[in-house]
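Per my numbering, residue 1 is the first one in the sequence shown, and the count goes up by one each step. Below is one structure, written out as structure tokens; comments come after it.
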Amino acid sequence: MRYFFVFLLIICVSFSFVPPRAKAEVQAKTPPTLTPAARAVLLEEIKRLVEEVQRLQSLLASRTWQTNRQPHRAVLFDFPLKAHYFVDNLKLVPVQPSATIRLEDQVLFSKLVAVIGAAAVGEHIREWRIFAEERGGIGGFVESIPVTKGWIMGVNESAFPVPFSPGDEEALRDLYLHEYAHIVLLERSDLRERFATRFWTNADYRQTEKINLALAQQPFTKTQATFGFDPERFVSFYAQLSLDEDLAETFVAFVKRENFSDSKIVEQKQKFFLADPTLSDLRLQLRQNLGW
Numbered sequence: 001m002r003y004f005f006v007f008l009l010i011i012c013v014s015f016s017f018v019p020p021r022a023k024a025e026v027q028a029k030t031p032p033t034l035t036p037a038a039r040a041v042l043l044e045e046i047k048r049l050v051e052e053v054q055r056l057q058s059l060l061a062s063r064t065w066q067t068n069r070q071p072h073r074a075v076l077f078d079f080p081l082k083a084h085y086f087v088d089n090l091k092l093v094p095v096q097p098s099a100t101i102r103l104e105d106q107v108l109f110s111k112l113v114a115v116i117g118a119a120a121v122g123e124h125i126r127e128w129r130i131f132a133e134e135r136g137g138i139g140g141f142v143e144s145i146p147v148t149k150g151w152i153m154g155v156n157e158s159a160f161p162v163p164f165s166p167g168d169e170e171a172l173r174d175l176y177l178h179e180y181a182h183i184v185l186l187e188r189s190d191l192r193e194r195f196a197t198r199f200w201t202n203a204d205y206r207q208t209e210k211i212n213l214a215l216a217q218q219p220f221t222k223t224q225a226t227f228g229f230d231p232e233r234f235v236s237f238y239a240q241l242s243l244d245e246d247l248a249e250t251f252v253a254f255v256k257r258e259n260f261s262d263s264k265i266v267e268q269k270q271k272f273f274l275a276d277p278t279l280s281d282l283r284l285q286l287r288q289n290l291g292w
């Protein structure tokens, strides 16, 4: 807006200092009407100037936002952070202006872009957080930012040290698919409800409650060894932690699977996703990203 006022001021000042005699000469020489060609040229020039003013306003607003913005406070996953970034146009921007971008953080972020795609990262991810959790059980997380469609994504650097081993790289790929599934499926409440009605029983909910009570008292690995999981109904132990985790874990298996059958409940869950046109198209896009 400041540039627009400057532009108007220049015009006003220019006309205010034209001598009276010069004004009369200008008026005498100005034709009473513009020709269609001259009018078109004038309108085109006005359009160009307006576009330039809008560009400068947008640039000013962007710089003001980058200067004044504050990170969002995570409610569910408020881990002590090793590094903290905003995400702007697929680039990491340190929350602390004096901080630098660590190479390992950039490697982890670039892998995310490769897995879910630049468009998905640009649409959803607003903050990138790196934490270290040695006890295991959590490789990363996503958390929605209130009143926006943006998300915070965090990665546990202890679980995925750079450079990756082959096994770590595959696990990181699956983590990104899992967390992206949370973003996509939490926005599909209709699908979530139909999935729960069709596949989750009262026994499943009771088992989930027992598992989470145990997790509050003992390490993840011990709880996993104690309860195990039913491969007829769930793709992993982690899928039993909640309905949302079952959705996300099933989505990962759905993306990775080449041929579908429905002999088991766990396979019927994946075919349930396949029957949804949006998720079916998304599966193909993700497989293309991964070179499958």
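Yeah, the Cβ is synthetic: ideal placement off N, Cα and C, and Gly gets one too.
Item, Value
"For Ile211, the first and last residue of its enclosing beta strand (DSSP E)", "Careful: Ile211 lies outside any beta strand (DSSP E), inside the alpha helix (DSSP H) at 202-215."
"Asn289 (DSSP reduced to helix, strand or coil)", "helix"
"Alpha-carbon spacing of Trp151 relative to His182, whole angstroms", "11 Å"
"Where Ser144 falls, given that 16 or more other Cβ within 10 Å makes a residue buried", "buried"
"Anticipated Cβ contact below 8 Å, Asn259 with Ala114, distance rounded", "Wrong, their Cβ atoms sit about 25 Å apart, outside the cutoff."
"Terminal residues of the beta strand (DSSP E) in which Ile265 lies", "Ile265 -> not in any beta strand (DSSP E); alpha helix (DSSP H) instead, spanning 265-274."
"Pro94 (DSSP reduced to helix, strand or coil)", "strand"
"C-alpha distance - Asp204 paired with Ala171, whole-angstrom precision", "26 Å"
"Alpha-carbon to alpha-carbon, Glu51 and Gly167", "51 Å"
"Contact between the segment 218-229 and the segment 263-275 (3+ Cβ pairs under 8 Å)", "no"
"Environment of Gln240 [buried if 16+ CB atoms lie within 10 Å]", "buried"
"Expected contact under 8 Å - CB spacing of Ile116 and Glu157 to nearest Å", "Between Glu157 and Ile116 the Cβ distance is about 19 Å, and since that is not below 8 Å, they are no contact."
"Residues that His84 bridges to, as DSSP identifies them", "Arg129"
"Ile152 - partner residues in DSSP beta bridges", "Glu127, Glu143"
"Helix, strand or coil at His182 according to DSSP, with G and I counted as helix", "helix"
"Within 8 Å, strictly: CB atoms of Phe272 and Arg198", "yes"
"Other residues of its chain near Val255: CB distance less than 6 Å, five sequence neighbours each side excluded", "Leu177, Arg283, Leu286"
"Beta-carbon contacts of Leu186 that lie in its chain and below 8 Å, excluding the five residues immediately before and after", "Ser144, Arg192, Asp244"
"Length of the line joining the Cα atoms of Ile101 and Val107", "10 Å"
"Local conformation of Gly122 per DSSP, three classes", "helix"
"Gly139 beta carbon less than 8 Å from that of Leu175", "yes"
"Assigned secondary structure, Val115 (DSSP; H/G/I helix, E/B strand, else coil)", "helix"
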